[in-house]
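Just so we're aligned: the sequence shown equals residues 9 to 452 in this note's numbering. Ideal Cβ placement from N, Cα and C applies to all residues, glycine included. For reference, the structure discussed in these notes is given below.
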Amino acid sequence: MRSPLEARRDTGQLEPRPWKVHAVTELSAARSRMLRMLEGLPEDALTRQHSPLMSPIVWDVAHVANYEEQWLLRALGAPALTDAAFDALYDAFRNPRATRSQLPLLSPEQALAYAARVREASLDWLQGLPEDSDAPLLRGGFVFGMVAQHEQQHLETLAATLQLMTRHVYRPAARPRPRPARTAAHELFIPGGPVRLGSDAAWAYDNERPAHTVDVPPFLLDAHPVTNGDFVVFVESGGYDDPRWWAPQGFAWIQSQGIRHPLFWEPQENGTWLRRRFGWWEPIARDEPVQHVCWYEADAYARWAGKRLPTEAEWEKAAAGSDVRPRTYPWGHTPPTASHANLGGDMWGPSAIGSYPTGQSADGVWGLLGDVWEWTSSTFTGYPGFKPYPYREYSEVFFGAEYRVLRGGAWASAPVAVRNSFRNWDYPIRRHIFAGFRCARDAR
């Protein structure tokens, strides 16, 4: 069987086109990041199940490769490299995370070799595909964007696994944090009006589609995410003991679990607080956004502060601004750089608030993208006219009141998977993810 590359060699049409260049760049960035993250980890760290919430790292490596084989090779007409039995082994829905360590998985060496083999075949097949195809998977390079984002999302999951790892100490080399600017505003008025929610961009996911307009009343929004220093006051004032601030299910849950502070925090006898970060302990940084809090904790803090969590429409209104053409990112339409936001994973933690003045929104809101995911009050559901694509299991099977929406991305999120319209979701009890929040209130 002739590959598209071989067919195009006959005509001399081998020049890469815009979406192809973008696809190669993002796929390469994801793979380079994976290899950096895995470098130096012993085999036991790669194969052990560090938490029932997470897969063994080696499962994620092979799963990413198998997903790529299915979508960038087989779905586009390329020959299969493995058989259906292999797909079943790395099927996320067939195998719950807590059971994946019991499967006959590839070894770390085999998984990395498989990933390299798939990537080589994918890039070869890519070169011969038509740039201007109107086929849904290829329109604008959609399927390549889907696979690049999928790999980066698993690398964020890998970062969470490394944070949960206790048998091995993981001390990554972090990029120096920027010096924060002095900021005065604590709360900002966001004018009401129409906001275009979602996106019809080529690499947008199905749950971001279709873009549509809703009207949002004016509201007030915190200029920054809630910090560790802010949250310490809530903890030390007895916030975890007072049911007035908690949703009943949330208070029952923290009582049953004995939860009295954010995950990975530890109080000291002298009244200070330490946090565990990738295997070592350090004082909490009071000027950083609080992370590793669940939705119930965020909601309780907001009530205690006399506020509430923003809806996801309010969050996107604050990020998109009031321009005729809604902004793709809070600062405009320029893709994220290191001067805009703390993204990409190489900071290995949130930055102090006020660190990215060029990342402000049109209304002066700081830190909407990067540092920590931000819980909203909204439950996860499809937009009007939603259609699952290219498979139901990406979004539709999670629609329902049991999931809450998060927005904005975290320090461990990749720029390719972060934009004003991007929607994340999780159970309201999840604390191991890199999630924080900011508060809102009605404008009266």
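Note that the C-beta distance between Leu282 and Trp383 is not below 8 Å. A contact between stretches requires three or more CB pairs, one per stretch, nearer than 8 Å, and the segment 366 to 375 meets this requirement with the segment 339 to 347. For Arg438, there is no enclosing beta strand (DSSP E), since its DSSP letter is neither H nor E. Thr165 counts as buried, since no fewer than 16 other beta carbons sit within 10 angstroms of its beta carbon. The Cβ atoms of Trp79 and Met154 lie closer than 8 Å to each other.
Note that the C-beta distance between Val380 and Pro297 is below 8 Å.
If the five residues before and after Trp289 are omitted, its C-beta is found closer than 8 Å to the C-beta atoms of Glu274, Leu282 and Arg283, all from its own chain and listed in chain order.
Contact between the segment 40 to 55 and the segment 81 to 90 is absent, with fewer than three C-beta pairs closer than 8 Å. Ranking Gln160, Phe442, Glu244 and Pro50 by CA distance to the CA of Arg41 puts Gln160 first. In the three-state scheme derived from DSSP, where H, G and I count as helix and E and B as strand, Glu274 is classed as strand. About 5 Å separates the CB atoms of Trp312 and Gly247; that is less than 8 Å, so the two are in contact. Uninterrupted alpha helix (DSSP H) stretches at least 4 residues long and entirely within the segment 279 to 360 occur at 303 to 312 and 320 to 328, given in chain order. Here DSSP, grouped into helix, strand and coil, assigns Leu113 to coil. For the pair Leu271 and His440, the CB atoms are nearer than the 8 Å cut-off. Taking every protein chain shown into account, the CB of Ser141 has fewer than 16 other CB atoms within 10 angstroms, so this residue is exposed.
Runs of alpha helix (DSSP H) with 4 or more residues, each lying fully within the segment 221 to 262, are found at 236 to 244, listed in chain order. Using a C-beta cut-off of 8 Å, the segment 177 to 186 makes contact with the segment 346 to 362, since at least three inter-stretch Cβ pairs fall below that distance. Using a C-beta cut-off of 8 Å, the segment 96 to 106 makes contact with the segment 67 to 77, since at least three inter-stretch Cβ pairs fall below that distance. Each residue's CA atom was taken as its position, placing Ile292 and Asn236 some 7 Å apart. Counting the other Cβ atoms within 10 Å of the Cβ of Ser245 gives fewer than 16, which makes it exposed. Assigned with DSSP and collapsed to three states, Ile198 falls in strand. DSSP places Tyr411 within a strand segment (E or B) once states are collapsed to three. In the DSSP assignment, Thr387 forms a beta bridge with Arg412. Between the segment 344 to 353 and the segment 222 to 240 there are fewer than three inter-stretch CB-CB distances shorter than 8 Å, so the stretches are not counted as touching. Going by DSSP, Ala448 is part of no alpha helix (DSSP H) but of the beta strand (DSSP E) stretching over Ala448 to Asp450.
Here the segment 318 to 335 makes contact with the segment 186 to 204; the two share three or more CB pairs at distances below 8 Å.
In terms of CA proximity to Leu146, Ala210 leads the group Pro60, Val177 and Ala210. The secondary-structure analysis by DSSP pairs Val203 across a beta bridge with Val222.
In this model, Ile437 and Asn103 are separated by some 22 Å (Cα to Cα).
Look at Glu128 here: in three-state DSSP terms it is helix. Straight-line spacing of the CA atoms in His158 and His220 works out to 25 Å.
At a Cβ-Cβ threshold of 8 Å, Val234 and Gly416 do not count as neighbours. In the three-state scheme derived from DSSP, where H, G and I count as helix and E and B as strand, Trp374 is classed as coil. Taken through DSSP and simplified to helix, strand or coil, Trp381 comes out as strand. Here DSSP, grouped into helix, strand and coil, assigns Gln265 to helix. By the neighbour-count criterion, in which 16 or more other beta carbons inside 10 Å mark a residue as buried, Lys395 falls on the exposed side.
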